[in-house]
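In the UniProt record's numbering, the protein residues as written are 1 to 649.
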């Protein structure tokens with residue numbers, strides 16, 4: 001009889017508790033206290049209304065997901081396209097000023113150099129290029145070193161105050177000021193020398209962070225508003241917009257410069273920067289965070305806080321901070337991956353045009369066509385990797401990084417040994433997956449650290465990226481000059497060799513991820529059931545005491561403490577104990593059973609764990625016996641526990 005009654009209780013406990021819980025929730029809704037409101041706000045903030053979730057099982061759903069979750073991408077496109085669009089006009093402005101203003105050559109000579117009629121003006125051509133190249137040395141240092149210094153402070157500031165938008169908007173302001181300054185240099189063409197244009201070109205982007213700060217802000221923002229399961233996809237979408245913007249800018253730069261000149265190109269760029277700035281200010285919302293601090297309202301206080309050396313040290317400590325799953329080693333290795341992935345790209349850009357001009361006798365138009373073709377193939381490969389490998393097949397980020405790095409290594413041999421234009425074009429096909437290593441690297445980093453350290457980590461990556469032109473530019477130029485007569489494509493082989501460590505690092509990370517996943521599976525398998533811990537350990541042992549609140553028995557807290565210690569040791573947080581502590585001195589409570597049982601079970605019934613465990617063969621008898629013993633002791637002590645009223649009914 002008792003066994004039958006216990007089974008009845010075990011089978012219907014959840015139903016009774018749900019009814020009780022619903023009544024309590026209805027009462028709480030009508031009499032919500034300030035504490036309840038605060039908890040509700042915290043829950044809402046923790047869930048983060050900006051968090052992007054994916055629910056796309058059909059093509060229509062995927063399209064809707066893509067459209068509804070567009071955030072930073074339009075702004076990024078309106079930032080990258082004008083930057084690339086104005087680059088060719090800026091280079092020609094420097095060449096024109098070097099020839100006509102600094103060197104003072106005649107209009108006939110400079111017109112011939114502009115039209116590429118250099119047969120009779122080889123000396124003048126060499127002089128102009130040497131002058132522009134000498135300016136390029138200090139301009140590169142200005143464009144790289146200053147952002148590398150500032151980005152460490154910017155990343156720490158962004159994390160402390162929860163601000164991502166300024167990191168994305170200020171670089172746009174810098175580029176806008178640059179094109180306005182270049183228009184002034186064009187207007188005062190003969191009054192201002194080449195160095196003024198070069199300073200304007202380098203200073204304003206550098207002082208506002210440039211591309212490095214823009215990408216740091218974008219990837220930190222994406223990590224703030226996405227869950228880990230879609231983060232790789234969202235970072236990939238951003239990278240696709242970046243890959244799409246560059247070939248568009250390259251394709252239009254030469255045509256627009258020929259048709260509308262300096263003023264036209266710089267004006268279009270300025271308008272696009274204004275559009276990007278307006279969109280970013282109006283449409284992008286800061287991620288919601290709890291306890292958001294108030295920014296200093298005094299300019300001096302803001303400057304002191306921004307350039308505080310302690311925050312700079314905090315940024316570096318992120319790389320050396322220990323954490324679970326070998327966090328410190330992974331962050332440091334990812335910084336090395338940045339160097340060996342981004343570095344060869346900068347090096348090849350510095351000598352790529354010279355190589356094709358020497359090897360295949362290409363001109364600017366031929367090289368521009370190939371650059372556009374290469375960017376389009378890279379865009380296709382990136383889209384395929386993100387859409388198929390990451391989103392559909394759910395490949396590990398490290399595996400995607402391995403595929404990408406191997407694509408780069410193989411293509412370096414095709415480029416290096418190419419003797420015809422056709423073979424060189426085939427190299428872009430082999431390199432089609434290369435762009436995804438950047439995505440994999442960013443995605444892995446965003447999953448290693450909490451959101452309040454994303455800015456610092458991305459700033460460290462930005463420092464590495466900013467310093468790479470200073471390191472790889474001279475290295476590739478020296479290699480190209482030394483091997484020009486024997487093997488001019490040797491610098492491509494150098495890039496392939498330097499990428500090998502990335503394959504090794506991604507492989508090691510994949511092995512570590514597999515080990516961590518396996519260990520978590522074993523831990524979850526061995527972890528005891530929450531219901532077993534709460535109902536069997538907490539309720540029967542405490543309720544078998546059978547004493548009401550205020551009894552001397554409750555002063556003996558040892559038993560409850562031991563149960564709680566064992567519970568925490570097994571990784572289970574038992575909700576019954578918190579309430580027991582709170583009601584210890586509350587004599588209005590009927591019994592410890594009512595409080596512990598109702599609160600313990602009701603807090604977990606929302607996860608439907610009770611029904612699953614009651615139907616589970618392993619714990620069925622244990623739970624029935626626990627309820628049975630609890631009921632028996634309650635009746636003997638005259639305690640009316642509402643959980644067991646079902647048996648009386």
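The C-beta atom is built at its ideal place from N, Cα and C for all residues, glycine as well.
Would you check if the distance between the CB atom of residue i and the CB atom of residue j is smaller than 8 Å?
| i | j | result |
| --- | --- | --- |
| residue 249 | residue 412 | no |
| residue 434 | residue 459 | no |
| residue 393 | residue 480 | no |
| residue 360 | residue 424 | yes |
| residue 184 | residue 167 | no |
| residue 418 | residue 489 | yes |
| residue 227 | residue 390 | no |
| residue 398 | residue 510 | yes |
| residue 124 | residue 113 | yes |
| residue 97 | residue 314 | no |
| residue 86 | residue 340 | no |
| residue 211 | residue 171 | yes |
| residue 263 | residue 92 | no |
| residue 100 | residue 287 | no |
| residue 217 | residue 151 | no |
| residue 180 | residue 270 | yes |
| residue 80 | residue 245 | yes |
| residue 374 | residue 428 | yes |
| residue 73 | residue 219 | no |
| residue 88 | residue 128 | no |
| residue 465 | residue 338 | yes |
| residue 148 | residue 471 | no |
| residue 182 | residue 206 | no |
| residue 365 | residue 254 | yes |
| residue 336 | residue 505 | yes |
| residue 251 | residue 372 | yes |
| residue 414 | residue 426 | yes |
What are the residues that DSSP puts in a beta bridge with residue i?
| i | result |
| --- | --- |
| residue 107 | According to DSSP, which records beta bridges pairwise, residue 107 is partnered with nothing at all. |
Which of the three DSSP states is assigned to residue i in this structure?
| i | result |
| --- | --- |
| residue 72 | coil |
| residue 461 | helix |
| residue 94 | helix |
| residue 129 | helix |
| residue 157 | helix |
| residue 338 | helix |
| residue 122 | helix |
| residue 117 | coil |
| residue 82 | helix |
| residue 509 | helix |
| residue 258 | helix |
| residue 190 | coil |
| residue 348 | helix |
| residue 474 | helix |
| residue 253 | helix |
| residue 469 | helix |
| residue 482 | helix |
| residue 591 | Note that residue 591 scores a pLDDT of 47, beneath 50, so its modelled location is shaky; the value from the coordinates is reported in the next line. Looking at residue 591 - three-state DSSP - the assignment turns out to be coil, as it is neither helix nor strand. |
| residue 32 | Model confidence at residue 32 stands at a pLDDT of 45, short of 50, so the residue's coordinates are unreliable and nothing is read from them. |
| residue 396 | coil |
| residue 240 | helix |
| residue 449 | coil |
| residue 175 | helix |
| residue 286 | coil |
| residue 208 | coil |
Our contact map puts residue i next to residue j with C-beta atoms below 8 Å; I'd like the distance itself, whole angstroms only.
| i | j | result |
| --- | --- | --- |
| residue 310 | residue 320 | 16 Å between Cβ atoms; not a contact. |
| residue 430 | residue 448 | 31 Å between Cβ atoms; not a contact. |
| residue 318 | residue 453 | 5 Å |
| residue 178 | residue 462 | In fact, because the Cβ distance is near 19 Å, the residues do not count as touching under 8 Å. |
| residue 333 | residue 156 | Contact doesn't hold; Cβ gap of about 22 Å is too wide. |
| residue 285 | residue 512 | The Cβ separation is near 36 Å, so there is no contact. |
| residue 401 | residue 493 | Rounded, the Cβ-Cβ distance is 21 Å, inconsistent with contact. |
| residue 194 | residue 135 | 6 Å |
> Touch check for the segment 217-232 and the segment 334-352: three-plus C-beta pairs under 8 Å?
Replying inline: The answer is no - the segment 334-352 does not touch the segment 217-232, with fewer than three Cβ pairs under 8 Å.
>> Three or more C-beta pairs under 8 Å: does that hold for the segment 268-278 against the segment 98-114?
In response: The segment 268-278 makes no contact with the segment 98-114: fewer than 3 CB pairs, one atom from each, lie closer than 8 Å.
> Is the segment 231-239 close to the segment 374-389, with three or more CB pairs under 8 Å?
Replying inline: Output reads yes: the segment 374-389 touches the segment 231-239.
> Is there contact between the segment 197-213 and the segment 133-143, where contact requires at least three CB pairs shorter than 8 Å?
Replying inline: The way I'd put it, the segment 197-213 does touch the segment 133-143; three or more beta-carbon pairs between them come closer than 8 Å.
>> Under 8 Å, with one C-beta from each stretch per pair, do the segment 431-445 and the segment 374-383 reach the 3-pair mark?
In response: Because the criterion of three Cβ pairs below 8 Å is met, the segment 431-445 and the segment 374-383 touch.
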